[in-house]
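Note sheet for the following structure.
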Amino acid sequence: MSFTDKVKNKAENAVGVAKEKAGAATGDRELQAEGKAEQSKASLKDAGEKLKDAAGNVQDAFGGSKG
Numbered sequence: 131m132s133f134t135d136k137v138k139n140k141a142e143n144a145v146g147v148a149k150e151k152a153g154a155a156t157g158d159r160e161l162q163a164e165g166k167a168e169q170s171k172a173s174l175k176d177a178g179e180k181l182k183d184a185a186g187n188v189q190d191a192f193g194g195s196k197g
């Protein structure tokens, strides 16, 4: 996972947390749900990047080349 991807995912998660908290504070359930959705999206992206990294590590362990 590139550093840029990590930063983007963390930023997206932080925006989601802020929206969720703002929605909770104001009673705006739609904003709260939007925040939770953004957090989930960021988590899925992060998991996908980790999976790609793991696949690359397995390939390296068996002497394969990334490509």
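Letter 20 of the sequence shown, counting from 1, is numbered 150 in our numbering, and no numbers are missing. Positions of the beta carbon are idealized from the N, C-alpha and C atoms, including for glycine. These numbers were taken from a predicted model, which means no experiment stands behind them.
Close Cβ partners of residue i (< 6 angstroms) along its chain, the five nearest in sequence each way excluded
| i | result |
| --- | --- |
| residue 150 | 162, 165, 166 |
Cβ neighbours of residue i in the same chain (closer than 7 angstroms, five flanking residues each side left out)
| i | result |
| --- | --- |
| residue 142 | 168, 171, 172 |
| residue 154 | 162 |
| residue 145 | 168 |
| residue 152 | 161 |
| residue 135 | 179 |
As assigned by DSSP and simplified to three states, the class of residue i
| i | result |
| --- | --- |
| residue 122 | Past the edges of the chain, shown from 131 to 197, lies residue 122, and the structure says nothing about it. |
| residue 95 | It is not possible to answer for residue 95, since the shown part of the chain is limited to 131 through 197. |
| residue 157 | coil |
Close-in-space but distant-in-sequence residues of the same chain around residue i (CB under 8 angstroms, 5 per side omitted)
| i | result |
| --- | --- |
| residue 140 | 172 |
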